[in-house]
Amino acid sequence: MVSVMNDMLTVDIAGIKMKTPVMTASGTFGFGLEYSDFVDLNQVGAIVVKGTTLAPRAGNSGRRMAETPAGMLNSIGLENPGVEGFISRILPKLKNYQVPVIVNISGNTVEEYGELAARLDKSGVAGLEVNISCPNVKQGGIAFGTCPDSATQVVREVKARTSLPVIVKLSPNVTDVVLMAQAVEAAGADAISLINTLLGMAIDIGSWRPVLGNTVGGLSGPAVKPVAVRMVWQVAKAVKVPVIGMGGIMTAADAVEFILAGASAVAVGTANFINPYVSAEVAQGIKDYLAERGLKHVRELVGKVNC
Numbered sequence: 088m089v090s091v092m093n094d095m096l097t098v099d100i101a102g103i104k105m106k107t108p109v110m111t112a113s114g115t116f117g118f119g120l121e122y123s124d125f126v127d128l129n130q131v132g133a134i135v136v137k138g139t140t141l142a143p144r145a146g147n148s149g150r151r152m153a154e155t156p157a158g159m160l161n162s163i164g165l166e167n168p169g170v171e172g173f174i175s176r177i178l179p180k181l182k183n184y185q186v187p188v189i190v191n192i193s194g195n196t197v198e199e200y201g202e203l204a205a206r207l208d209k210s211g212v213a214g215l216e217v218n219i220s221c222p223n224v225k226q227g228g229i230a231f232g233t234c235p236d237s238a239t240q241v242v243r244e245v246k247a248r249t250s251l252p253v254i255v256k257l258s259p260n261v262t263d264v265v266l267m268a269q270a271v272e273a274a275g276a277d278a279i280s281l282i283n284t285l286l287g288m289a290i291d292i293g294s295w296r297p298v299l300g301n302t303v304g305g306l307s308g309p310a311v312k313p314v315a316v317r318m319v320w321q322v323a324k325a326v327k328v329p330v331i332g333m334g335g336i337m338t339a340a341d342a343v344e345f346i347l348a349g350a351s352a353v354a355v356g357t358a359n360f361i362n363p364y365v366s367a368e369v370a371q372g373i374k375d376y377l378a379e380r381g382l383k384h385v386r387e388l389v390g391k392v393n394c
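Each residue of the sequence shown is one higher than the last, beginning at 88 in the numbering used here.
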């Protein structure tokens, strides 16, 4: 277990102070409380709760998850109790732990993102992660995160409605991820996280029907890691704000790759489904890696890949 007093691992991401650089990725750790029987939440760098919307959502119908070679597909559909349900029923319990809570917010319009930011502004959470992979219903369903102009509008609206640090989560389903990163940075993003899931599909060859009830879903897990590392490396070179890397991290070695590529912190996602202790184990592994090489702090690894 990682010592909470170990200064080798402390990081500050846009004013969010964390005991370790290992966060939990949104959608893979529930609201954190679900894992409290398995892992000491006080030892996690930060908990990024599952996607939260203005109104409660039941999520998608039919099968929502499917295993793939070296990963998984999911199409949960943002099932959540809504922002007021989160604030009134879940957040008070999370406040019993000494861990930063970051809320992943999702909206169908620019205005919805702004309203979510406003309602969470004085709630006591540490920051917001803005999921711009959501469909813009006013623009025919095109995802906010695939258009620099739409992404810019969202970030500006969120920044105008909150005093909290704003992390923008980028989609890999774009032509130029660097262009998107630079756009959200210029709009005021305090940090950038990437990658969100890759769009994928699986077909049942017995029924000739899609495996997932929603036909397509997000691909995550070890299979996406090389893509994620590459995108983190590209973005970290192109922006000045901190970068949080994620996508297929299963071990400390995976996390170190992201940090060397330029990530100041990392988030563990799919691995939580296999090993509920993984966030603490990855942090311990990073600490051991630093000690083995005579390094005093994790920041000495950030962006140090030799290219």
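We put the CB at the ideal spot given by N, CA and C, even for glycine.
- An exposed status is given to D124, since fewer than 16 other beta-carbon atoms sit within 10 Å of its beta-carbon.
- With contacts defined by Cβ atoms closer than 8 Å, F116 and I134 form a contacting pair.
- Under the three-state reduction of DSSP, D124 is assigned to coil, being neither helix nor strand.
- Judged by beta-carbon spacing, A325 lies within the 8 Å limit of Q269, meaning their Cβ atoms are closer than that value.
- In the three-state DSSP reduction, G169 falls in the coil class, being neither helix nor strand.
- When beta bridges are read from the DSSP output, L266 appears opposite no residue.
- A direct Cα-Cα distance of roughly 34 Å separates L120 from L382.
- Taking the Cα positions, P259 is about 34 Å away from N93.
- K106 sits buried, since 16 or more C-beta atoms from the chains shown fall within 10 Å of its C-beta.
- CA-to-CA, the gap between P297 and L377 works out to about 45 Å.
- The continuous beta strand (DSSP E) containing A354 extends over residues 352-355.
- The alpha-carbon of T140 is positioned some 15 Å away from that of G214.
- When Cβ pairs closer than 8 Å are counted between the two stretches, the stretch 250-264 is seen not to touch the stretch 288-304, the count staying below three.
- Around T233, the same chain offers V261 as residues with beta carbons nearer than 6 Å, after the five sequence neighbours per side are excluded.
- Annotated as distal: G335 and V353, with beta-carbon spacing of 8 Å or more.
- Residue range 98-100 is occupied by the beta strand (DSSP E) that includes D99.
- Ranked by Cα distance from P108, the first of G114, V131, Y122, F118 is V131.
- Under the three-state reduction of DSSP, G149 is assigned to coil, being neither helix nor strand.
- Listed in chain order, the non-local C-beta contacts of G114 below 8 Å within the same chain comprise K137, G138, N161, I163, N191, G356, local neighbours out to five positions each way being set aside.
- Between N147 and the set V385, P156, N167, the nearest pair of CA atoms involves N167.
- For V136, the three-state secondary structure derived from DSSP is strand.
- Secondary structure in the stretch 187-233: the beta strand (DSSP E) runs of 3 residues or longer, each lying completely within the stretch, are 188-192, 214-218 in chain order.
- Relative to G390, the option among L266, A273, I346 whose CA is nearest is I346.
- Here the stretch 203-218 lies against the stretch 242-260, with 3 or more beta-carbon pairs under 8 Å apart.
- In the DSSP annotation of this structure, the continuous segment of the beta strand (DSSP E) that includes V253 starts and ends at 253-256.
- Within a 10 Å sphere around the beta-carbon of D208 sit fewer than 16 other beta-carbons, which makes this residue exposed.
- No Cβ-Cβ contact shorter than 8 Å links V170 with R144.
- Nearest Cα to T155 within the set L285, S351, T338: L285.
- Listed in chain order, the non-local C-beta contacts of V126 below 8 Å within the same chain comprise P363, Y364, S366, A367, local neighbours out to five positions each way being set aside.
- In the DSSP assignment, the residues bridged to A278 are I254.
- Between the alpha carbons of L96 and G372 lies a distance of about 11 Å.
- Annotation for S307: no alpha helix (DSSP H) segment contains it, though the beta strand (DSSP E) segment containing it runs 303-307.
- Cβ contact annotation for F360 (same chain, cutoff 8 Å, sequence separation greater than five): T115, M159, in chain order.
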